[in-house]
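Numbering (my numbering), first residue to last: 547 to 849.
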């Protein structure tokens, strides 16, 4: 087996892990599986592309590649703006849809079905605005760098791995060292008791939506930079995201990241062993095995 699958798996797993963190946080706080989460990856990627293009028209110097990467300063600036816009989009969807259903005391299945509807609406709106034609942040070609042991990676890929590490450490510190992180964990344990204890549950919900959307945006931008941007970008990653969230254990940030890497490496190995057409089945197999053998995941709490 070509050892390059390790690097390919780590890169894919980093993107899956970031998206899975948003899934696991949302589920642990709101108690339902949000199937619209994948569309936040797509919206983040497209918003970054739109803002980057606008900045490029204002100043051509912003689009000149920053050595050794394939993109110019317009993309990092656009990424920050896209993170804010994607977070606001998630808050708007919650205010217009999920928040109203929660106030009515709707059953979990109603929230899940509503998330399916939101997913279809967000994806269709993307296709209406940007069309279904694949797009790219840059057409510049990169030469893969030899890392030793038969492994190669482009500078963009190495940057993505580094950014993922920074993001995971930042989220872990936020969850363990800050008051809002402690509030999030309290609401995850028992929302009613946390509210009685003085925790602003509505604020926690808003923070979780924004945080999950921000991580989804970063994952979407990484995917768009390393592969391509298209309306189904997030939809195609949805099953791996949920597989990683469940494998890692609901509510566990390190677990979601580690599980994302496991899913990514498993998919890359499957491509080498049995062919690319079986890649999508790997996440489903992992999901079924975890649900049968260890439903609480690697780092989940025992029921």
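The C-beta atom is built at its ideal place from N, Cα and C for all residues, glycine as well.
Practice item. Output the boundary residues of the alpha helix (DSSP H) element that contains residue 669. Key: For residue 669, the enclosing alpha helix (DSSP H) stretches over residues 654-676.
Practice item. Would you mind sorting residue 632 into buried or exposed? The rule is 16 or more other CB atoms within 10 Å of its CB. Key: Looking at its Cβ environment, which holds 16 or more other Cβ atoms inside 10 Å, residue 632 is buried.
Exercise for review: Count the other C-beta atoms from every protein chain shown that fall within 10 angstroms of the C-beta of residue 886, then say buried if there are 16 or more, exposed otherwise.
Suggested key: The displayed coordinates of the chain run from 547 to 849. Any statement about residue 886 would go beyond what the structure contains.
Check your understanding: Which word fits residue 580, buried or exposed, when buried means at least 16 other C-beta atoms lie within 10 angstroms of its C-beta?
Key -> Using a 10 angstroms sphere on the CB of residue 580, the tally of other CB atoms reaches 16 or more, which defines it as buried.
Point to revise | Assumed close pair residue 628, residue 653 - CB separation to whole angstroms, cut-off 8 Å | key: For residue 628 against residue 653, the beta-carbon gap comes to about 34 Å, at or over 8 Å, which does not count as contact.
Review point. Where do the N-terminal and C-terminal ends of the alpha helix (DSSP H) with residue 713 fall, by residue?
Key: It spans 701-723 - the alpha helix (DSSP H) in which residue 713 sits, taken as one unbroken run.
Check your understanding: Apart from the five residues on each side of it in sequence, which residues of its chain come closer than 7 Å, Cβ to Cβ, to residue 496?
Key -> Nothing can be reported for residue 496: it is not among the residues displayed for the chain, which extend from 547 to 849.
Review point. Residue 669: which of 843, 780, 742 and 792 sits nearest, CA to CA?
Key: Of 843, 780, 742 and 792, the residue nearest in Cα terms is 780.
Exercise for review: Kindly confirm or deny that the region 735-748 and the region 592-607 touch, where touching means at least three C-beta pairs closer than 8 Å.
Suggested key: Flag = no, the region 735-748 and the region 592-607 do not touch.
Point to revise | Cβ pair count under 8 Å reaching 3, the region 764-774 against the region 558-570 | key: The region 764-774 makes contact with the region 558-570, as at least three CB pairs between them are under 8 Å.
Check your understanding: What does DSSP give as the partner residues of residue 692 in its beta bridges?
Key -> 698, per the DSSP bridge assignment.
**Study point:** Nearest-angstrom Cα separation, counted from residue 759 out to residue 565
**Key:** Taking the straight line from one Cα to the other gives about 9 Å.
Review point. Which partner residues does residue 567 have in the DSSP bridge list?
Key: Beta-bridge pairing links residue 567 to no other residue.
Check your understanding: Just the Cα atoms here: how many angstroms apart are residue 705 and residue 630?
Key -> Their backbone Cα atoms lie some 21 Å apart in a straight line.
Exercise for review: Could you check which residue in 655, 585 and 687 has the C-alpha nearest to that of residue 667?
Suggested key: When C-alpha distances from residue 667 are compared across 655, 585 and 687, the shortest belongs to 585.
Exercise for review: Confirm, please, whether the CB-CB distance from residue 843 to residue 770 is below 9 Å.
Suggested key: The answer is no: Cβ separation not under 9 Å.
**Study point:** C-beta contact flag for residue 805 and residue 791 at 9 Å
**Key:** Result yes, Cβ atoms of residue 805 and residue 791 sit closer than 9 Å.
Practice item. Return the CA-CA distance between residue 850 and residue 609, expressed in angstroms with no decimal places. Key: In the structure as shown, the chain starts at 547 and stops at 849, and residue 850 therefore has no counterpart that could be examined.
Check your understanding: Could you give the distance in angstroms between the alpha-carbon of residue 582 and the alpha-carbon of residue 664?
Key -> Looking at the two C-alpha atoms, the distance is approximately 6 Å.
Review point. Helix or strand or just coil, what does DSSP make of residue 775?
Key: Strand at residue 775.
Exercise for review: State yes or no: is the C-beta of residue 621 within less than 9 Å of the C-beta of residue 797?
Suggested key: The answer is no: Cβ separation not under 9 Å.
Review point. Would residue 683 pass as a contact of residue 616 if the rule is Cβ separation under 9 Å?
Key: Going by C-beta atoms, residue 683 is nearer than 9 Å to residue 616.
Practice item. Please name the residue in 687, 840 and 807 whose C-alpha comes closest to that of residue 828. Key: Closest option to residue 828, judged by alpha-carbon separation, among 687, 840 and 807: 807.
Check your understanding: From the DSSP output, which residues share a beta bridge with residue 681?
Key -> Looking at the DSSP output, residue 681 shares a beta bridge with 775.
Practice item. Could you have a look at residue 648 and say whether DSSP puts it in helix, strand or coil? Key: It is helical.
Review point. If you drop the 5 nearest sequence neighbours on each side, which residues of the same chain put their C-beta closer than 8 Å to that of residue 800?
Key: Taken in chain order, the residues that qualify are 714, 718, 794 and 845.
Exercise for review: With DSSP collapsed to three states, give me the class of residue 846.
Suggested key: Annotated three-state conformation of residue 846 is coil, per DSSP.
Check your understanding: For residue 555, does the three-state DSSP call read helix, strand or coil?
Key -> Reduced to three states, the DSSP call for residue 555 is helix.
Review point. Which of helix, strand or coil does DSSP assign to residue 687?
Key: When DSSP states are grouped into helix, strand and coil, residue 687 belongs to the coil group.
Exercise for review: Could you check how far apart the C-beta atoms of residue 611 and residue 686 are, in whole angstroms? I think they sit under 8 Å.
Suggested key: The C-beta distance from residue 611 to residue 686 rounds to 6 Å, short enough to meet the 8 Å contact threshold.
Practice item. Kindly give me the distance between the Cβ atoms of residue 550 and residue 697, rounded to whole angstroms, as I take these residues to be in contact under 8 Å. Key: The distance from the Cβ of residue 550 to that of residue 697 is about 6 Å, consistent with a contact at the 8 Å cut-off.
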